[in-house]
Each structure stands twice: as structure tokens, then as C-alpha cells.
Amino acid sequence: KTARGWVHHQAVSGIDSQVVLYNGVHVKVIGGGKGSYWDISAILSKLTTCLVILTLPRKIIMFICTRLLGHLSTIYYQAVFEQFSIHDAVAGMSARLLAWNATFVKLADREHHGIPVISKNRLRERLYSLMRHRGHQMDSDEVAYLCEYSFQALLSMHVGWSIRDQLQGVRNEVGWQRGLTDDAINKSGQEEFIDCDRYNVACTLYEDLSFDAIVKLFDRDRRRRFLERLFTPRELAEIY
Numbered sequence: 001k002t003a004r005g006w007v008h009h010q011a012v013s014g015i016d017s018q019v020v021l022y023n024g025v026h027v028k029v030i031g032g033g034k035g036s037y038w039d040i041s042a043i044l045s046k047l048t049t050c051l052v053i054l055t056l057p058r059k060i061i062m063f064i065c066t067r068l069l070g071h072l073s074t075i076y077y078q079a080v081f082e083q084f085s086i087h088d089a090v091a092g093m094s095a096r097l098l099a100w101n102a103t104f105v106k107l108a109d110r111e112h113h114g115i116p117v118i119s120k121n122r123l124r125e126r127l128y129s130l131m132r133h134r135g136h137q138m139d140s141d142e143v144a145y146l147c148e149y150s151f152q153a154l155l156s157m158h159v160g161w162s163i164r165d166q167l168q169g170v171r172n173e174v175g176w177q178r179g180l181t182d183d184a185i186n187k188s189g190q191e192e193f194i195d196c197d198r199y200n201v202a203c204t205l206y207e208d209l210s211f212d213a214i215v216k217l218f219d220r221d222r223r224r225r226f227l228e229r230l231f232t233p234r235e236l237a238e239i240y
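Spelled out as C-alpha cells, the structure:
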């Protein structure tokens, strides 16, 4: 019997035995080594980790600015995290509408069907007066073009733009068709005016709440879905 394990001893009977001798090479395989391959899940995991780590400096700076700088933090906090209330927004817009309406009454120089309106000449007069101190930047032709563009832009303002009107506005912006929307183009040749409704819509652009949103909010005939009725504030729900 050898230590190499190549000799196999087999008992044939109780008193006899048979010895079989194998000649050859004994191979022993041990697992090991390494290989490389693309693991999408590992890549996504590492990428997510990197993105999270990259946001840490910003979060730290944000925390310092909004929490640890005394009264400056109060100012920064109010600038970053804007408080919103429908009640306050409606109150603020109502006050601004009153001020804008008073200005509109002073600017109105014509009447159209008994309603005060602003003419193009009035708009041109006021814009020329405003731009007279910018003579080194804009000549008279440029100011005239500004007046025409501003007047046509104000004519295009109205409450309740539909998707079709928005698409038409995009077409006009890229130059597919001259002029503005159909209702802003006076095809009959009559003089065009800026009424109070267009003036109010223009004044409330880029507000937290647009003039159109306020009008629809208090419109009882508007259809409200279930979730809107469920989450409508109590003081507004009494309107309906």
C-alpha cells in the first residue's frame, strides 16, 4: 500500500484478497482564480451611491444657510421654502387687481361699446415716455417696434386659453404664420383696443395664482372631480 493512493485493495472472500495496481496520474482540481464581467445591477448601485454622496455638500450648505445663521437663516428659509396659502394668495391678488384697475382707468383713453379701453396710441405714448432715458440704447425705430410687439402681445391675452390657442401661439412664435391668435387679429379693419380683461391677465402673469385660476376657482358651473371636492378647503367648499 502506497501513500499516493494509486493501489486499491479489494477483499474477495474471508481468507482471500485481491490487490489491483493502477498506474497513471492522479489529478486533483482546486477551485480558484478570478474573472471579470459587466454587472448592470452593481453599476447602478455604485452610480446611485455616487449621486447620493454628491448631494451631501449641497444639503450641508442648505442646512447651514437655513438653520445656523441667525436672522439671515430666517430670510434664506423664507426665500427657499416659500409658504403658500390659497386664502392669502386670493387676498393679495384681489388687492393688486384693485390697484391695477385704478391704473387702467387712468390709462384708458377711449371707450368701446361703453367700456373703457386703451388704444395703441396711448400705449405708444407711455412707452416712448418710459424709453426716453434709454436713447443711448434704443433708437426711435426700435422703440416703435417694441410698442407694436407689446401691443400685439397684450391683444393676445385672454382668460381660459385652450390647447388649440396655445398651439396657435407656438406657431406664431416660430414664425409659421404672421400675427397672433384669430381673436387678437382684427380682420374687419377696425381699430384694436386693450380691454380690462386682457390688462388684468397680463398683470397677473407669473403670479403664484393666475387670473384664470382665480376665476375658475370661484366658478360654480365648473365641473369638479371627486378628489378636488375632497381636498377643497372648507371656506371655499361653502361657495359650492
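Each residue of the sequence shown is one higher than the one before, starting from 1 at the first, in full-length UniProt numbering. Cβ atoms here follow ideal geometry from the backbone N, Cα and C, with glycine treated the same way.
Check	Outcome
Presumed contact (8 Å Cβ cut-off) between R110 and C147, rounded CB distance	With 8 Å as the limit, R110 and C147 do not qualify as a contact, their Cβ atoms being about 17 Å apart.
Ranges of the alpha helix (DSSP H) found wholly within the stretch 191–230, counting only runs of at least 4	196–203 and 211–217
Per-residue burial, T204 [other beta carbons within 10 Å of its own, 16 or more giving buried]	buried
Beta-carbon proximity check, P116 vs C196, cutoff 9 Å	yes
Spatial neighbours of E235 in its chain, beta-carbon cut-off 8 Å, leaving aside the 5 residues before and after	H87
Contact check, A89 vs L227, beta carbons under 9 Å	no
8 Å contact criterion, which I118 and F63 should meet: CB distance rounded	50 Å between Cβ atoms; not a contact.
Residue burial classification, Y199 (beta-carbon count within 10 angstroms, cutoff 16)	buried
E82 versus S41: straight-line alpha-carbon distance, rounded	38 Å
Neighbourhood of L154 by C-beta, 7 Å cutoff - its chain only, sequence neighbours within 5 removed	I194, R198 and A202
F151 burial status per 10 Å Cβ neighbour count (16 or more: buried)	buried
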